[in-house]
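In this note's numbering, the protein residues as written are 14 to 222.
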């Protein structure tokens with residue numbers, strides 16, 4: 014049995030370190046839990062948002078966010094975030110260098126694409142990022158997922174991996190943080206309903222491996 018640990022978007026843009034972007038409460042405090050879950054795995058994957066500053070979904074202020082868009086691959090407005098070359102693009106303190114991971118997925122690079130999950134570049138889930146294929150090629154049977162944010166990119170990545178019916182998917186809440194308590198609770202319920210194992214801490218993770 015080969016286990017892979019996936020660090021979903023653990024970037025400064027999603028933490029209080031970048032308050033003008035999309036700060037998730039305590040988003041800068043999950044490095045230790047991500048490192049701990051990686052100890053159970055033979056392979057470690059990093060995913061990173063990599064958005065151009067001129068993306069079609071960018072708005073100027075937070076009060077303009079979350080407005081619906083009629084675009085095929087960008088469903089909501091957001092402030093600029095995770096722009097390559099900026100501080101927000103960097104991973105949070107305490108994680109390995111990008112080159113120390115076994116595989117890295119950059120997503121949302123095109124200005125008209127704003128995916129949430131790490132498995133597809135587009136919202137229609139037709140254009141693969143190669144993550145699923147790479148995991149299969151490495152004969153991975155179980156994936157452990159942590160990262161930011163629970164109610165968006167973590168949830169979508171977990172659901173995409175579960176849907177392909179190739180892996181046992183475990184979400185480690187100790188290594189995640191959510192944007193909003195209500196949507197985080199709904200995300201956990203949705204993941205569990207899809208057959209994903211959601212664990213609260215390191216001890217529960219160990220017991221489920």
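Ideal Cβ positions, reconstructed from N, Cα and C, are used throughout, including at glycine. Model, not experiment: these values are computed from the prediction.
Classification of residue i by the beta-carbon crowding that lies within 10 angstroms, buried from 16 upward
{"i": "residue 87", "result": "buried"}
{"i": "residue 77", "result": "exposed"}
{"i": "residue 201", "result": "buried"}
{"i": "residue 5", "result": "Outside the shown range of the chain, which is 14 to 222, sits residue 5, and nothing can be said about it."}
{"i": "residue 82", "result": "exposed"}
{"i": "residue 168", "result": "buried"}
{"i": "residue 173", "result": "buried"}
{"i": "residue 67", "result": "exposed"}
First through last residue of the beta strand (DSSP E) which encompasses residue i
{"i": "residue 36", "result": "Note, residue 36: premise wrong, no beta strand (DSSP E); not H, not E."}
{"i": "residue 186", "result": "181-190"}
{"i": "residue 209", "result": "Counting along the chain, residue 209 falls outside any beta strand (DSSP E), and DSSP gives it neither H nor E."}
{"i": "residue 119", "result": "116-120"}
{"i": "residue 18", "result": "15-21"}
{"i": "residue 87", "result": "87-89"}
{"i": "residue 148", "result": "That residue, residue 148, is in no beta strand (DSSP E); its alpha helix (DSSP H) goes 144-150."}
{"i": "residue 57", "result": "56-62"}
{"i": "residue 84", "result": "81-84"}
For residue i, the first and last residue of its enclosing alpha helix (DSSP H)
{"i": "residue 168", "result": "168-176"}
{"i": "residue 47", "result": "44-51"}
Cβ shell of residue i (< 6 Å), same chain only, five flanking positions each side left out
{"i": "residue 103", "result": "25"}
{"i": "residue 51", "result": "18 and 57"}
{"i": "residue 127", "result": "70, 87 and 121"}
Cβ-Cβ separation, residue j to residue i (assumed contact under 8 Å), whole Å
{"i": "residue 130", "j": "residue 166", "result": "7 Å"}
{"i": "residue 32", "j": "residue 190", "result": "Residue 32 to residue 190, Cβ: 15 Å. No contact."}
{"i": "residue 187", "j": "residue 215", "result": "6 Å"}
Residues near residue i by beta carbon distance below 8 Å, same chain, minus five either side
{"i": "residue 154", "result": "14, 15, 16, 180 and 181"}
{"i": "residue 74", "result": "92"}
Cβ-based neighbour list, residue i, same chain, cut-off 7 Å, excluding 5 preceding and 5 following
{"i": "residue 22", "result": "60, 61, 62, 160, 161 and 166"}
{"i": "residue 208", "result": "175"}
{"i": "residue 111", "result": "59 and 117"}
Inter-stretch contact (C-beta, 8 Å, three-pair minimum) for the region 54-62 and the region 111-120: yes
Any 3 or more C-beta pairs closer than 8 Å across the region 31-44 and the region 160-172: yes
Segment contact flag, the region 94-101 with the region 132-145, C-beta cutoff 8 Å, min 3 pairs: no
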